[in-house]
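S.K.: My questions will all concern the structure given below.
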Amino acid sequence: MFTKAYIPFRGYYSSPFAKWQGTLSTEHSLKLGAQTAARWFADKGWDPKQFDYLYLGYTIHQKQAFYGAPWVAGMIGAEEVPGCNVSQACSTSTTCLYYAAAGLESGAMGHVLTLMTDRCSNGPHVLWPNPLGPGGQMVAEDWVMENFNRDPFAKNAMIQTAENVAKEIGVTKEECDELTAIRYEQYTKALENDRAFQRRYMFPVEVRVSKKKTLTLEADEGIIPTDREALAKLPPVLQGGVHSFGAQTHPADGNCAVVVTTRDRARELSADPGVEIQILSYGFARVRKGFMPMAPVPAARMALERAGITIDQVAALKTHNPFVVNDIYFAREFGIDPAQANNYGSPLIFGHPQGPTAGRCVIEMIEELVEKGGGYGLFTGCAAGDTGAALVVKVDSKG
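Residues in the sequence shown are numbered from 2 upward in steps of one, following our numbering.
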């Protein structure tokens with residue numbers, strides 16, 4: 002259990018998530034993440050040099066990403082700040098926050114920036130040397146699509162892991178369609194009153210189209226309106242399966258950032274000193290190969306146990322749900338109504354840029370807790386390699 006790691010109220014942001022091959026599809030994700038963070042610092046009047054470390058989370062390689070965190074720190078105006086890169090597929094944000102909290106807990110760090118960014122669009126095409134191959138031909142890898150479609154250890158595509166779980170616990174397509182429809186309805190709540198909820202944390206992205214023209218992306222792009230009738234008409238992606246394209250997430254592009262610091266510093270930087278946000282615990286898990294959607298459950302149990310609370314004490318629950326069966330399995334295991342989770346949205350609907358996905362979920366969870374007057378929040382999600390990670394935070398609100 003952590004005792005020293007705090008997040009300033011509104012000491013975080015998420016960009017809108019852009020659709021695959023959409024507005025952000027040609028932007029260098031590290032450069033765009035740095036540019037967005039620099040604009041955010043300027044907007045808040047914060048000096049980026051104030052941090053003593055940067056954790057940079059990304060999963061999809063970009064040109065010269067070898068230099069990673071130190072390069073990004075320099076681009077945001079913090080050229081004396083060191084850092085390192087973190088890559089754990091869909092758990093990347095959760096793990097960045099864990100490393101930051103652990104640094105605070107140990108006393109090694111006092112003021113940390115976590116910045117997570119990715120671009121699933123136009124993934125790199127890699128050529129590996131193969132001097133012993135016929136004629137010295139090279140080995141090619143399609144970084145994004147090849148890894149979505151084949152786990153080299155489990156030997157299956159990610160969607161197959163969802164179908165494996167659905168078959169084992171007896172999930173029907175009708176159940177998948179029903180919960181997917183609920184998830185879409187939850188997302189639309191965040192759009193009410195001119196996107197009032199999203200405007201609390203969402204920071205626009207600027208893309209330079211030409212020397213004289215800049216495009217601003219202010220809201221999520223690529224959200225597909227859906228309902229129960231439309232979902233019922235969509236066939237399963239895999240023969241004999243239960244997940245249609247509507248019941249799984251879509252690749253996306255975007256970035257986010259979260260400040261992790263001491264209690265006193267968090268109060269100084271908070272948009273409201275009456276709101277206190279503490280990182281309490283982290284959990285992790287790996288399940289048997291080919292059953293990835295099960296991993297959030299043991300990860301959540303570990304995080305809850307370490308925080309000293311039960312699922313009944315959780316006021317806001319967010320999940321990374323690349324497949325809707327993730328949430329069905331979680332709800333069954335914990336004996337809860339799946340509609341309790343993911344108020345205001347989830348990756349199933351707003352998309353999955355990998356690195357920043359969990360970060361946005363944690364940010365939305367914090368905002369929901371503040372809206373409720375405080376309480377415990379649990380985020381949990383799966384990641385490639387049949388793994389999962391979870392985070393518990395506590396919000397005290399005196400306002």
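Where is the CB? At the ideal position from N, CA and C, for every residue including glycine.
On a predicted model such as this, the values are computed, not experimentally measured, just so you know.
Kindly indicate which residue of K373, A304, H244 and L98 has the alpha-carbon position closest to the one of N322.
M.R.: Position 321 of the sequence shown, counted from the first residue, corresponds to residue 322. Nearest option by C-alpha distance: H244.
S.K.: Rounded to whole angstroms, what is the Cα-Cα separation between K190 and G255?
M.R.: What you label residue 190 is simply residue 189 of the sequence shown in a count that begins at 1. What you label residue 255 is simply residue 254 of the sequence shown in a count that begins at 1. One C-alpha to the other measures close to 21 angstroms.
S.K.: Under three-state DSSP, which class holds V288?
M.R.: Start at 1 with the first residue of the sequence shown, and residue 288 comes out as number 287. V288: coil per DSSP, three-state reduction.
S.K.: Quick check on L270: does DSSP put it in helix, strand or coil?
M.R.: Here residue 270 corresponds to residue number 269 of the sequence shown, with the count starting at 1. Here L270 sits in helix by DSSP.
S.K.: Could you name the residues of the same chain whose beta carbon sits closer than 6 angstroms to that of K174, not counting the 5 residues immediately before and after it, in chain order?
M.R.: Against the sequence shown, residue 174 aligns to sequence position 173. Within the same chain, K174 has close Cβ partners V243.
S.K.: Under 7 angstroms between the Cβ atoms of V1 and A167?
M.R.: Residue 1 falls outside the range modelled here, since the chain spans only 2 to 400, and no answer is possible.
S.K.: For M76, would you say it is in contact with chain C, using Cβ-to-Cβ distances shorter than 7 angstroms as the test?
M.R.: Checking the listed chains, one finds no chain C in this structure; it contains a single protein chain.
S.K.: Give the C-beta separation of A390 and D152 to the nearest angstrom, bearing in mind that I take them to be a contact with Cβ-Cβ under 8 angstroms.
M.R.: On the sequence shown, position 389 is the one that residue 390 refers to. On the sequence shown, position 151 is the one that residue 152 refers to. The pair is not a contact, with the Cβ atoms about 17 angstroms apart (cut-off 8 angstroms).
S.K.: Could you check what DSSP says for V166 in three-state terms: helix, strand or coil?
M.R.: Residue numbering aside, residue 166 sits at position 165 when the sequence shown is read from its first letter. It is helical.
S.K.: Tell me whether the beta-carbon of P9 lies closer than 7 angstroms to the beta-carbon of A267.
M.R.: As a working mapping, residue 9 is identified with position 8 in the sequence shown. As a working mapping, residue 267 is identified with position 266 in the sequence shown. Yes.
S.K.: Which of the three DSSP states, helix, strand or coil, is assigned to V363?
M.R.: Taking the sequence shown and counting its residues from 1, one reaches residue 363 at position 362. DSSP places V363 in helix when its eight states are reduced to three.
S.K.: Can you list, in chain order, the stretches of the alpha helix (DSSP H) that have 4 or more residues and sit fully within the stretch 20-92?
M.R.: 30-45 and 69-76, all fully within the stretch 20-92.
S.K.: Buried or exposed: D143, going by 16 or more other Cβ atoms within 10 Å of its Cβ?
M.R.: Taking the sequence shown and counting its residues from 1, one reaches residue 143 at position 142. Exposed is the call here.
S.K.: Which one of G104, V73 and Y14 has the shortest CA to CA distance from H29?
M.R.: Position 28 of the sequence shown, counted from the first residue, corresponds to residue 29. It is V73 whose Cα lies nearest to the Cα of H29.
S.K.: Hey, is the stretch 19-27 in contact with the stretch 286-294, meaning 3+ C-beta pairs nearer than 8 angstroms?
M.R.: With the cut-off at 8 angstroms, the stretch 19-27 and the stretch 286-294 do not touch.
S.K.: Under three-state DSSP, which class holds A253?
M.R.: Position 252 of the sequence shown, counted from the first residue, corresponds to residue 253. In this structure, A253 counts as strand in the three-state DSSP scheme.
S.K.: Tell me E277's beta-bridge partners as DSSP assigns them.
M.R.: Position 276 of the sequence shown, counted from the start, is the residue given in the question as residue 277. The partner list for E277 (beta bridge, DSSP) reads D397.
S.K.: What's the C-alpha gap between F211 and A296?
M.R.: On the sequence shown, position 210 is the one that residue 211 refers to. On the sequence shown, position 295 is the one that residue 296 refers to. In the sequence on display, residue 211 carries Ser and not Phe. Answer to the nearest angstrom: the Cα atoms are 45 angstroms apart.
S.K.: Taking 7 angstroms as the limit between beta carbons, can you name the residues of its chain near P357, skipping five residues before and five after?
M.R.: Residue mapping note: residue 357 aligns to position 356 of the sequence shown, counting from 1. S15, S94, M117, T118, D119, G255, N256 and C257, listed in sequence order.
S.K.: For the alpha helix (DSSP H) that C177 lies in, which residues bound it at each end?
M.R.: Along the sequence shown, one-based indexing puts residue 177 at 176. That run of the alpha helix (DSSP H) goes K174 to K190.
S.K.: Straight-line CA distance for A253 to D313?
M.R.: For this step, residue 253 is matched to residue 252 along the sequence shown. For this step, residue 313 is matched to residue 312 along the sequence shown. Spanning the two alpha carbons is a distance of roughly 33 angstroms.
S.K.: Measuring CB to CB, does Q240 end up less than 7 angstroms from K395?
M.R.: To locate residue 240, count along the sequence shown from 1; it is residue 239. To locate residue 395, count along the sequence shown from 1; it is residue 394. Result no, Cβ atoms of Q240 and K395 do not sit closer than 7 angstroms.
S.K.: Determine the burial state of R361: buried for a count of at least 16 other Cβ atoms within 10 Å of its Cβ, exposed for fewer.
M.R.: As a working mapping, residue 361 is identified with position 360 in the sequence shown. Label assigned to R361: buried.
S.K.: Tell whether a beta-carbon distance below 7 angstroms holds between G382 and L370.
M.R.: Here residue 382 refers to the residue found at position 381 of the sequence shown. Here residue 370 refers to the residue found at position 369 of the sequence shown. For G382 and L370, no; Cβs fall outside 7 angstroms.
S.K.: Classify C177 as buried or exposed, calling it buried when 16 or more other Cβ atoms lie within 10 Å of its own Cβ.
M.R.: In the sequence shown, residue 177 corresponds to position 176, counting from 1. Buried, because 16 or more other Cβ atoms sit within 10 Å of the Cβ of C177.
S.K.: Would you give the residue range spanned by the beta strand (DSSP E) that A317 belongs to?
M.R.: Here residue 317 corresponds to residue number 316 of the sequence shown, with the count starting at 1. It spans V315 to H321 - the beta strand (DSSP E) in which A317 sits, taken as one unbroken run.
S.K.: Tell me whether M159 is buried or exposed, calling it buried when 16 or more other Cβ atoms sit within 10 Å of its Cβ.
M.R.: Residue numbering aside, residue 159 sits at position 158 when the sequence shown is read from its first letter. With 16 or more Cβ atoms within 10 Å of its Cβ, M159 is classed as buried.
S.K.: What three-state label does DSSP hand A308 in the structure shown?
M.R.: Looking up residue 308 in the sequence shown gives position 307. Helix.
S.K.: State the Cα-Cα distance for the pair S347 and V82, rounded to the nearest angstrom.
M.R.: Reading the sequence shown from its first residue, position 346 is the one you call residue 347. Reading the sequence shown from its first residue, position 81 is the one you call residue 82. Straight-line Cα distance between these residues: approximately 33 angstroms.
S.K.: State the CB to CB distance for the pair L105 and T263, rounded to an integer number of angstroms; the pair is presumed to be in contact (CB under 8 angstroms).
M.R.: In the sequence shown, counting from the first residue as 1, residue 105 sits at position 104. In the sequence shown, counting from the first residue as 1, residue 263 sits at position 262. Indeed, because the Cβ distance is near 7 angstroms, the residues count as touching under 8 angstroms.
S.K.: Put R209 into one of helix, strand or coil per three-state DSSP.
M.R.: Working through the sequence shown from its first residue, we reach residue 209 at position 208. R209: strand per DSSP, three-state reduction.
S.K.: Taking the C-alpha atoms as reference points, what is the distance between W47 and L232?
M.R.: As a first step, residue 47 must be located in the sequence shown, where it is residue number 46. As a first step, residue 232 must be located in the sequence shown, where it is residue number 231. Cα to Cα, W47 sits roughly 46 angstroms from L232.
S.K.: Excluding sequence positions up to five away, which residues of its chain have a Cβ less than 8 angstroms from the Cβ of G374?
M.R.: To locate residue 374, count along the sequence shown from 1; it is residue 373. These residues qualify, in order along the chain: S398.
S.K.: Is N86 near L57, with beta carbons less than 7 angstroms apart?
M.R.: For the purposes of this step, residue 86 is identified with residue 85 of the sequence shown, where counting begins at 1. For the purposes of this step, residue 57 is identified with residue 56 of the sequence shown, where counting begins at 1. Going by C-beta atoms, N86 is nearer than 7 angstroms to L57.
S.K.: In the DSSP assignment, find the unbroken alpha helix (DSSP H) run with M146 in it and report its ends.
M.R.: In the sequence shown, counting from the first residue as 1, residue 146 sits at position 145. From DSSP, the alpha helix (DSSP H) with M146 extends over M146 to N150.
S.K.: Using three-state DSSP, classify D143 as helix, strand or coil.
M.R.: The count along the sequence shown starts at 1 and reaches residue 143 at position 142. The answer is strand: DSSP assigns D143 an E or B state.
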